[in-house]
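Novice: Okay, here's the structure, questions in a sec.
Chains as they are written, first to last, in my numbering: chain A, 35 to 369; chain B, 35 to 369.
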């Protein structure tokens, strides 16, 4: 700091004194303003303060501060259907002119006729066919471009907002709060790894190398001497349920100390995190707010949360009640 | 800077002037002292200075400064056999009391009799059997402990030093130089990912989540309510040759701008890196120094470098001549 010349210092002292007083007494800005000051926020803050305080007993060195987040239903919404399914359906419509046979073949016929219920009636097999038809057969760079174009333009029907804005304001704050406290934040999602990577850095501040997700196989080829990675119509890895700890080990190689999910698909990830040797934080987001978002849990087809609620109660995990704990849900909600 | 009081400033001015002059004229400390000031070092430094200089035309934002390194033969030695093979053989000897049948079954019989040539005569199939017998069947945590114990104690027969000291001093300097310039440094090795993770952070400053390698499958299980990841005797991924760009995309999701290898197993990784849209650096380490290390390339069984040498010449990639370009090879070499 540059020393203040004596004359100026003397003249300005009442002002400087007032400023110094304000700096000492004003509470630090709340890093989690969209969170109600209830038990969920208190549990999160207490955990972060303990693991970051040297000599606290629960101190964790920065390199081991790994926090993992499910994406669908935890960082952004997942109703009325997974947003990646909307992307796939939009791709089917865009590709239809080159596939006249789809007018007669399910599940494509149903998608083209706008009957999504019929399209999904074929269950996992139908979904797999849709994914392979729309997510494979091109170079990785080309697929990245398709996702980037879609995320820039497609809009959610209920909110009439881009899907990328249908993210949870409290979770954006939480990601920033954890990073400000030396955590590395990771996505561990059942969604496609390459469907997330093109936009999560801008939206969540999470770089592509910190994304774990489901994947199809790729193959390295030289095409006219030019190297390409071609996306193949074969499942490589399903990053859901018991696959989540496997994906965490594969990509991170270190057990997280904090995990955030919203469905039974996240249960194994929360169990794996909570069973670590030191202090840990396992959090479920519970969708209880039909007014501002959606209310669903045990009976839902998308994001079912049943076993997870029972285990959270039995083990004393933190359950975020969206209605009670979140003052705002989306960034576009009024303050 | 704190302003120097006028009286002091005047009194001290000759001394301060001399110090200021020294600060302006002394060259900055060389970050790569084990490198000879030849064309290889010059190419590396010129690349780093260009991609880090805003407005240079070749500027690359820090988030995209990804550098990938092969491990065996690039960061540490790989002769007379891959160090991970020594670990596997040591495991066979340690496990032998529980496997009396190994006294009669190849390739285990040959290992127990100390005849490594015979042990490796069975080729890939024999190696696979050795890896599955020694690397699978336990929890991930237990395997990590076995590797940590081995790396702390096992010694290289030629140098009578721990294997973890048989790393290349110039490459350690290069890793630090790149990180000081905002690069993220990654290992992309044909070796086992979980064989590297327990020690690479301490030895190379590379955290476990920045390691890409070959892997076997794991399965999440609850054993008496306790979650474990069990290592299964099934290949998951071979991170070699055309697998290296696939592994890079899987783990990083972004094309590197710098790649370092030493064998034909690294060729696809260098091609993928060099074919990126901007400036890139592709470097081969050429083992030419039989005196301080080993001399081998086109005819070697370990770390064969033939196609790669031809392609490096054709494309003008940087080839490090160990004899000429490295003033020291190992940290334990005299300065």
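Note that beta-carbon positions come from the ideal geometry of N, C-alpha and C, so glycine has one too.
Computed from a predicted structure; not experimentally measured.
Counting contacts by CB-CB distance shorter than 8 Å, is residue 297/B in contact with chain A?
Specialist: No, its Cβ sits nowhere closer than 8 Å to a Cβ of chain A.
Novice: Quick one: what does DSSP say residue 336/B is sitting in, helix, strand or coil?
Specialist: Here residue 336/B sits in coil by DSSP.
Novice: I'd like to know if residue 327/B contacts chain A, where contact means its C-beta is closer than 8 Å to some C-beta of that chain.
Specialist: By this cut-off, residue 327/B is not an interface position.
Novice: What are the start and end residues of each continuous beta strand (DSSP E) run of 3 or more residues lying completely inside the stretch 85–114 of chain B, in chain order?
Specialist: Counting whole runs of 3 or more residues, the stretch 85–114 of chain B contains the beta strand (DSSP E) stretches 100–103.
Novice: For residue 50/B, which of helix, strand or coil comes out of DSSP?
Specialist: In this prediction, residue 50/B scores a pLDDT of 48, lower than 50, which makes its location untrustworthy; the coordinate-derived value is nonetheless stated afterwards. Three-state result, residue 50/B: helix.
Novice: Report buried or exposed for residue 3/A, applying the criterion of at least 16 other Cβ atoms within 10 angstroms of its Cβ.
Specialist: This structure leaves residue 3/A out entirely; chain A is present only between 35 and 369.
Novice: Can you find a C-beta in chain A that's less than 8 Å from the C-beta of residue 287/B?
Specialist: By this cut-off, residue 287/B is an interface position.
Novice: Excluding the 5 residues preceding and the 5 following residue 48/B in the sequence, name in chain order all residues of the same chain whose CB lies nearer than 6 Å to its CB.
Specialist: Interpretation of residue 48/B is limited by its pLDDT of 48, a score under 50 that renders its predicted location unreliable; the figure taken from the coordinates is listed afterwards. Cβ within range, chain order: n/a, list empty.
Novice: Can you grab the Cα-Cα spacing for the pair residue 161/B / residue 303/B, in whole Å?
Specialist: Approximately 24 Å, taken between the alpha carbons.
Novice: Consult DSSP for residue 326/B and reduce its assignment to one of helix, strand or coil.
Specialist: Here residue 326/B sits in coil by DSSP.
Novice: Based on the DSSP secondary-structure assignment, which residues constitute the bridge partners of residue 375/B?
Specialist: Because chain B is modelled from 35 through 369, residue 375/B falls outside the range shown and cannot be assessed.
Novice: Check for me: the alpha helix (DSSP H) holding residue 342/A runs from which residue to which?
Specialist: First-last of the alpha helix (DSSP H) with residue 342/A: 341–349.
Novice: Would you list the residues sitting across from residue 249/A in a DSSP beta bridge?
Specialist: BP columns for residue 249/A point to 271/A.
Novice: When you compare the CB of residue 260/A with every CB in chain B, is at least one pair closer than 8 Å?
Specialist: At least one chain B Cβ lies under 8 Å of residue 260/A.
Novice: Determine whether the beta carbon atoms of residue 308/B and residue 102/B lie at a separation below 8 Å.
Specialist: No, the Cβ-Cβ distance between residue 308/B and residue 102/B is not below 8 Å.
Novice: Are the C-beta atoms of residue 370/B and some chain A residue less than 8 Å apart?
Specialist: Beyond the ends of chain B as shown, which are 35 and 369, falls residue 370/B; an answer cannot be given.
Novice: Please classify residue 354/B: does DSSP put it in a helix, a strand, or coil?
Specialist: Strand, per DSSP.
Novice: Out of curiosity, what's the CA-to-CA distance linking residue 232/A and residue 243/A?
Specialist: So the alpha carbons of these two residues sit roughly 11 Å apart.
Novice: From the DSSP output, in three-state form, read off residue 219/A for me.
Specialist: The answer is strand: DSSP assigns residue 219/A an E or B state.
Novice: What are the boundary residues of the beta strand (DSSP E) that includes residue 319/A?
Specialist: Residue 319/A -> beta strand (DSSP E) spans 315–320.
Novice: With the cut-off set at 8 Å, would you say residue 361/A and residue 68/A are in Cβ contact?
Specialist: Cβ distance < 8 Å, so residue 361/A and residue 68/A count as in contact.
Novice: With distances taken between CB atoms, is the gap from residue 402/A to residue 203/A smaller than 8 Å?
Specialist: Nothing in the structure corresponds to residue 402/A, since chain A is present only between 35 and 369.
Novice: At a CB-CB cut-off below 8 Å, which residues of chain A make contact with residue 182/B?
Specialist: What residue 182/B touches in chain A: nothing, since even the nearest Cβ is about 13 Å away.
Novice: Between which two residues does the alpha helix (DSSP H) containing residue 122/A stretch?
Specialist: Start and end: 117–129.
Novice: Which residue from 288/B, 343/B and 305/B puts its Cα closest to that of residue 97/B?
Specialist: Considering only alpha carbons, the answer is 288/B.
Novice: Quick check: the Cα distance between residue 195/B and residue 92/A, rounded to an integer number of angstroms?
Specialist: Looking at the two C-alpha atoms, the distance is approximately 37 Å.
Novice: Can you give me, in chain order, the residues of the stretch 329–352 of chain B that have a beta carbon less than 9 Å from any beta carbon in chain A?
Specialist: Within the stretch 329–352 of chain B, no residue qualifies.
Novice: Quick one: which chain A residues come within Cβ less than 8 Å of residue 249/B?
Specialist: The answer, in chain order, is 284.
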